[in-house]
Amino acid sequence: MKPAAFQYHQPTSVTEATDLLAEYEHDAELMAGNQSLGIVMANRLATPEHIVDINGLDDLDYVDVSTERVEIGALTSHRTIETSTALADALPMFPAAAEQIAGPSVRNLGTIGGSIGEADPAGNYPTVLTALDGDLHVASTDGERTVAASEYFIAYMFTDLAEDELITGVSVDREPFPIDRTGMAFLEQKPAAQTWPTISAAAAVRVDDPDADAPAVDEARLALANAADVPLRVEDAEAAVEGESFAETTLASAAEAASEAAEPGEEMHADAAYKEKLAGEYTRRSLETAYERAVDTTDTTGITDTTTP
Ligand SMILES: Cc1cc2nc3c(=O)[nH]c(=O)nc-3n(C[C@H](O)[C@H](O)[C@H](O)COP(=O)(O)OP(=O)(O)OC[C@H]3O[C@@H](n4cnc5c(N)ncnc54)[C@H](O)[C@@H]3O)c2cc1C
Numbered sequence: 006m007k008p009a010a011f012q013y014h015q016p017t018s019v020t021e022a023t024d025l026l027a028e029y030e031h032d033a034e035l036m037a038g039n040q041s042l043g044i045v046m047a048n049r050l051a052t053p054e055h056i057v058d059i060n061g062l063d064d065l066d067y068v069d070v071s072t073e074r075v076e077i078g079a080l081t082s083h084r085t086i087e088t089s090t091a092l093a094d095a096l097p098m099f100p101a102a103a104e105q106i107a108g109p110s111v112r113n114l115g116t117i118g119g120s121i122g123e124a125d126p127a128g129n130y131p132t133v134l135t136a137l138d139g140d141l142h143v144a145s146t147d148g149e150r151t152v153a154a155s156e157y158f159i160a161y162m163f164t165d166l167a168e169d170e171l172i173t174g175v176s177v178d179r180e181p182f183p184i185d186r187t188g189m190a191f192l193e194q195k196p197a198a199q200t201w202p203t204i205s206a207a208a209a210v211r212v213d214d215p216d217a218d219a220p221a222v223d224e225a226r227l228a229l230a231n232a233a234d235v236p237l238r239v240e241d242a243e244a245a246v247e248g249e250s251f252a253e254t255t256l257a258s259a260a261e262a263a264s265e266a267a268e269p270g271e272e273m274h275a276d277a278a279y280k281e282k283l284a285g286e287y288t289r290r291s292l293e294t295a296y297e298r299a300v301d302t303t304d305t306t307g308i309t310d311t312t313t314p
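Okay, so the sequence shown: first residue is 6 according to our numbering, each after it adds one.
Set out below in structure tokens:
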């Protein structure tokens, strides 16, 4: 099927784009990489009268890493994030999540802003931002505002973003994640390559002293994708490992907490009970991997994560 007819707009600035959104509000849809929008429009699940193509907003294509924070522009492609050595050195969960999205053609065109705009609870960056307590920056004709990821994802594919707002970028504070004491992992279980995950787990672990005999966990972060209607932060799993040196018992408690917290929907390849089990298992694996990376001072990157088919 072909998309329904629409009027096409190509703004060259954020102001022009937000003016268009304010003018056409309910009848307008932003287009970034068009990797998701194109599919829903081709199937006529969305029939916007106006398409606002933001690919001309070059100012929104950036990765900025300072000592305080990481900032990524909304138009930054998955491929750019996947291959950014600055991100791999600062917050390796981002490239690890990016490299596991679909195949190369989707990663070349798809953007982080599109992924967050889509707000699929199975999405990789929504889960990363939930785990790392990230912020989203949005603009409208009323000005700019910042919204915490924890408040942005409200219900299934429903967010705090108003119809006349545009995501301009995301940011994450680096202070909780000193790379010499922190390990990160983003692990997925997928039914097939290049498709959406059945469950993903994003974990970060900071230890007190990586050179100690049994380093204790100062702080842990754990979020799951596709385990509920929104990206799911599991604070009980974090609490199960915080203050402890890793052992099978603490990992088992964390896994149990994640299975209990998960409220997954059923899908073709996985019923809810199976996904609850996977939530526990991927919590265990991702926390263990993050811990191993935190205590191994020679491995500071998370970009070697690979999908488990
Ligand atoms: C086969 C396949 C497998 C995939 N697997 C995964 C996966 O495993 N994990 C994963 O995370 N993703 C996956 N994706 C989705 C992929 O990441 C998309 O690229 C992404 O979700 C949408 O990005 P886009 O730039 O193409 O956005 P578009 O398709 O252009 O837009 C998507 C939505 O976001 C809105 N939007 C776009 N930009 C903005 C903005 N700046 N501000 C506000 N709203 C905006 C649009 O209006 C639209 O509603 C998959 C896609 C495909 C086709």
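Idealized CB from N, CA, C, for every residue including glycine.
Quick caveat, the model's predicted, so the values are computed rather than measured.
(request) With hydrogens ignored, establish whether the beta-carbon of glutamate 28 is closer than 7 Å to any heavy atom of ligand 1. (result) With a cut-off of 7 Å, the C-beta of glutamate 28 is classified as distant from ligand 1, since no heavy atom of the ligand falls inside that distance.
(message) Along the chain, where does the alpha helix (DSSP H) containing proline 121 start, and where does it finish?
(response) It should be pointed out that residue 121 corresponds to isoleucine in this sequence rather than to proline. Secondary structure note for isoleucine 121: its alpha helix (DSSP H) is the uninterrupted segment 117-123.
(message) According to DSSP, simplified to helix, strand and coil, what is alanine 33?
(response) Here alanine 33 sits in strand by DSSP.
(message) Which residues end up in the neighbourhood of ligand 1 when you take C-beta atoms closer than 5 Å to any of its heavy atoms?
(response) Here the residues come out as Glu34, Leu35, Met36, Ala37, Gly38, Asn39, Gln40, Ser41, Leu42, Ala79, Ile106, Ala107, Val111, Gly115, Thr116, Gly118, Gly119, Ser120, Gly122, Glu123, Gly128, Asn129, Leu171, Ile172, Trp201.
(request) Might you give, ordered along the chain, the residues of its own chain that have their beta carbon closer than 7 Å to the beta carbon of serine 89, omitting 5 neighbours on each side? (result) Hits under 7 Å: Val68, Pro100.
(request) Look at the alpha carbon of aspartate 66 and the alpha carbon of glycine 118, and state the distance between them as a whole number of angstroms. (result) Each residue's alpha carbon lies about 10 Å from the other.
(request) Return the chain-ordered list of same chain residues with a C-beta closer than 7 Å to the C-beta of glutamate 243, the five sequence neighbours on each side being excluded. (result) Excluding sequence neighbours, glutamate 243 sits near Ala225, Arg226, Leu227.
(request) Tell me whether tyrosine 13 is buried or exposed, calling it buried when 16 or more other Cβ atoms sit within 10 Å of its Cβ. (result) Exposed, since its Cβ has fewer than 16 Cβ neighbours within 10 Å.
(request) Taking all protein chains shown into account, decide if alanine 278 is buried (16 or more other Cβ within 10 angstroms of its Cβ) or exposed. (result) Classification for alanine 278: exposed.
(message) Along the chain, where does the alpha helix (DSSP H) containing arginine 290 start, and where does it finish?
(response) 277-300 is the span of the alpha helix (DSSP H), which, as asked, contains arginine 290.
(request) Output the distance between the C-alpha atoms of threonine 309 and leucine 283, rounded to the nearest integer angstrom. (result) Note that threonine 309 has pLDDT 48, beneath the 50 cutoff, so the model's placement of it is unreliable and the number below is only indicative. So the two alpha carbons sit approximately 21 Å from each other.
(request) Quick one: using the 10 Å Cβ neighbour count with 16 as the cut-off for buried, is leucine 292 buried or exposed? (result) By the 10 Å Cβ count, leucine 292 comes out buried.
(request) From the DSSP output, in three-state form, read off isoleucine 59 for me. (result) Of the three classes helix, strand and coil, the one that applies to isoleucine 59 here is coil, per DSSP.
(request) Could you name the residues that DSSP lists as bridge partners for arginine 238? (result) According to DSSP, arginine 238 bridges with Ala228.
(request) For leucine 171, name the three-state secondary structure that DSSP assigns. (result) In the three-state DSSP reduction, leucine 171 falls in the strand class (E or B).
(request) Starting from the Cα of proline 53, find the closest Cα among Ala208, Gln40, Glu30, Glu193 and give me that residue. (result) Each of Ala208, Gln40, Glu30, Glu193 was checked against the Cα of proline 53, and the nearest Cα belongs to Glu30.
(request) Would you kindly check if the distance between the Cβ of valine 152 and the Cβ of aspartate 138 is under 8 Å? (result) Between aspartate 138 and valine 152, the C-beta spacing is not below 8 Å.
(message) For threonine 303, which residues in the same chain have their Cβ closer than 7 Å to its Cβ, ignoring the five residues on either side in sequence?
(response) In the same chain as threonine 303, and ignoring 5 residues on each side of it, no C-beta atom comes closer than 7 Å to its own.
(message) Quick check on the DSSP output: the alpha helix (DSSP H) that includes glutamate 247 runs from which residue to which?
(response) Segment: none, glutamate 247 is in no alpha helix (DSSP H) and carries neither H nor E.
(request) Measure the C-alpha to C-alpha separation of isoleucine 77 and proline 8 and round it to an integer number of angstroms. (result) Between isoleucine 77 and proline 8, the C-alpha separation is close to 31 Å.
(message) Let's test the definition: count the other Cβ atoms within 10 Å of the Cβ of aspartate 94 and tell me whether it reaches 16, buried, or not, exposed.
(response) Taking every protein chain shown into account, the CB of aspartate 94 has fewer than 16 other CB atoms within 10 angstroms, so this residue is exposed.
(message) With a threshold of 6 Å on Cβ separation, who are the neighbours of serine 145 within its own chain once the five nearest residues in sequence on each side are excluded?
(response) Residues Thr23, Asp169, Glu170 of the same chain have their beta carbon placed closer than 6 Å to that of serine 145, with the five preceding and five following residues left out of the count.
(message) Mapping the DSSP letters down to three states, classify histidine 142 as helix, strand or coil.
(response) In the three-state reduction of the DSSP assignment, histidine 142 falls in the strand class.
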